[in-house]
Amino acid sequence: MWVESVTLNNIKCFKNEEIIFTRTAINVSNHRPKPYSWISLLGENGVGKSTLLQAIALLLAGPEAAKELLPRPTGWVCDSKKPGKLSITLNQEENDAVIFGKVIFGNKKRKKISYSYFVTADKAVKVGEETYTEPALIEKSSEILSWLRKNAFASDTKGWFAAGYGAFRRLTRTSQVLIPSLEPAKRSSNFATQFNEDSALSSFERWMVYLEFRIAKGDPSAKKMRDIGINAIEKLLPGNTKIAEVSIEGLIIFEINGQKVSTIGLSDGYRSIIALAGDLIWRLLQSFTDLEDPTQASGVVLIDELDIHLHPFWQRWIAEWLREVFPNLQFFVATHSPFIAAGAGEDALTLRLDIVNGETKITPVEDISAYDVDYILRSPAFGLESTYSPSTQEKIQRYHELRIKKDKLSKEEEQEFNQLKLFMQDKQPISPPEQCKKR
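For the sequence shown, position 226 matches number 226 in full-length UniProt numbering, and the numbering has no gaps at all.
Pasting the structure below:
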């Protein structure tokens, strides 16, 4: 399953925005559209990147899980005098656990489907035959959505895989014995950190402890699952970082540069990636028990601010590593890092979000994978007019201003120019004047 398009109407800063995530136009020569497998969302703080990811999460979670994640959508509707609307179009993959192409809706087999939710505010509005006076998330009833909630969205079935991760991804910092839960995860838990900053991603740790118990009891399938999980995690960590063991206290021990460190002793960068990747691997293994290697399964993953806590070295590689370890997942990633935006590759879709006249507008960005960071930051992808510090930028700009009027300088200006000339000779900044204008 993958996302073809999303439409947000009257939702927060989105007045009416349709975003298409396919490479080719729809209905061209009867070919199905080909999806982008990596979508980077760029833009300054507060332009709607997290809102877009949350909207996709609500739609992929299904109506019941969506209401658990957002029981009262206060502030979600821009114009409270009318309802907001979230819409999505999905396509199936052949290895999806449930195939809606095999189910006939109105005498027509479907390879893709669309459905919507309405969102209300605190003013009386009518949705269908009902009037709502408080913030609510309301499904747009349809035969398709009814089928989806019984199959693709049901927690007790192998539905379409989707998971989302908010900017505050963390493992528990408490040193404790982790008792594994044998209860299947609710579908809403797949997206919990996008809506609750206090949610911890400790499932992978509990699961590893449980697998060690099963391995000790001679279960060969547990060893296979553990090896898949460990192999995937280690591919996403820098250097020669390895998972060494699970301690008798129930803690995962890592070996980094010859030193053994438990998860609670790792840096925030390590913990952030381990929390995300470990939780994702656990959910894939739980969802695709019949696959030889569940990391090859298809589905959708949403990640907000992937670059948080990561050193630039790690930022350069993390997109490529994620795509290598999970080649059939469709990633939607919000980031402020030019390294991640470029590292996603030439076949990624890069979108820039901006506030224009009070509403969010989304603009596709040219392929930036072959450019260096300085160029990317000054390109339309990020829109910086200079990559120098503000004080250095002012000095360079002032130097060029005085240089232009060199023969007409006052005594004070001549003294200032000579000081700036020494600065330019010493530091040798290379930007020409047109790149040094103030924002």
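Glycine included, C-beta positions come from ideal geometry on N, C-alpha and C.
Since this is a predicted model, take the numbers as computed values, not measurements.
Residue range of the alpha helix (DSSP H) that includes residue i
i	result
P63	P63 to L69
V373	V373 to R378
E245	That residue, E245, is in no alpha helix (DSSP H); its beta strand (DSSP E) goes K242 to V246.
Y399	P390 to I404
K126	Where K126 is concerned, there is no enclosing alpha helix (DSSP H), although the beta strand (DSSP E) it sits in stretches over V125 to V127.
D279	D268 to S287
V325	P312 to V325
E143	E143 to K150
I264	Neither: I264 is in no alpha helix (DSSP H) and is coded neither H nor E.
A341	P338 to G343
Contacts around residue i, its chain only, beta-carbon distance under 8 Å, and the 5 residues preceding and following it disregarded
i	result
S369	A342, G343, A344, G345, E346 and A348
I56	V3, V6, I88, G164, V300, L302 and F332
K427	T392
N257	G239 and N240
I228	I281, L285, D293, P294 and T295
W76	I11, K12, L70, G84, V119, A121 and P135
Integer-rounded CB distance, given that residue j should sit under 8 Å from residue i
i	j	result
I88	L59	4 Å
N190	G84	So it is not a contact: roughly 23 Å between Cβ atoms.
F331	L322	7 Å
V246	L280	The pair is not a contact, with the Cβ atoms about 19 Å apart (cut-off 8 Å).
D354	V47	6 Å
S146	A121	Actually they do not touch by this definition, with Cβ atoms about 27 Å apart.
S50	L86	The pair is not a contact, with the Cβ atoms about 15 Å apart (cut-off 8 Å).
P429	Y388	7 Å
E324	K421	At roughly 50 Å, the Cβ-Cβ gap does not stay under 8 Å, so E324 and K421 are not in contact.
E64	R149	7 Å
Residue-level contact to chain D via CB, residue i, 8 Å cutoff
i	result
I256	Going by chain labels, chain D is absent from the structure shown, which holds only one protein chain.
Check: residue i C-beta below 7 Å from any heavy atom of the ligand ZN
i	result
G75	Judged by which ligands are present, the structure shown has none, so any question about the ligand ZN falls away.
Residue range of the unbroken beta strand (DSSP E) whose run includes residue i
i	result
residue 466	Residue 466 lies beyond the stretch modelled for the chain, which goes from 1 to 439, so this question has no answer here.
T363	E359 to V365
S5	W2 to I11
L90	G84 to N91
G299	G299 to D304
S410	Here S410 belongs to no beta strand (DSSP E), and DSSP marks it neither H nor E.
L137	A136 to E139
F254	I252 to I256
F118	K112 to T120
E17	F14 to I20
A334	L329 to A334
Own chain partners of residue i with C-beta closer than 7 Å, once the 5 adjacent residues on each side are dropped
i	result
E18	S5 and T7
R169	T193, L201, S272, A275 and L276
L306	I318, V333, T335 and I340
H309	D268, G269 and S272
H311	G269
N328	Q296, A297 and S298
L211	A222, M225 and R226
L70	L58, L137 and F195
E413	L402
Cβ shell of residue i (< 6 Å), same chain only, five flanking positions each side left out
i	result
L285	M225 and P294
L384	L377 and R378
Q54	Q194
S114	T89
V127	P83, F118 and I138
Minimum length 4: unbroken alpha helix (DSSP H) runs contained in the segment 182–231: 192–195 and 203–216
Counting Cβ pairs, one atom from each stretch, are 3 or more of them under 8 Å apart for the segment 204–216 and the segment 243–258? yes
Count the CB pairs spanning the segment 367–384 and the segment 401–408 that are closer than 8 Å, and state whether there are at least three. Counting Cβ pairs under 8 Å, fewer than three are found: no touch.
Taking three-plus beta-carbon pairs below 8 Å as touching, is the segment 270–278 in contact with the segment 132–145? The segment 270–278 makes no contact with the segment 132–145: fewer than 3 CB pairs, one atom from each, lie closer than 8 Å.
Tell me, please, whether the segment 308–320 touches the segment 281–297 by the rule of three or more beta-carbon pairs shorter than 8 Å. no
The segment 32–52 contacting the segment 349–362, beta-carbon criterion three pairs below 8 Å: yes
Of all the beta strand (DSSP E) runs that stay within the bounds of the segment 34–62, which reach a length of 3 or more residues? 38–42
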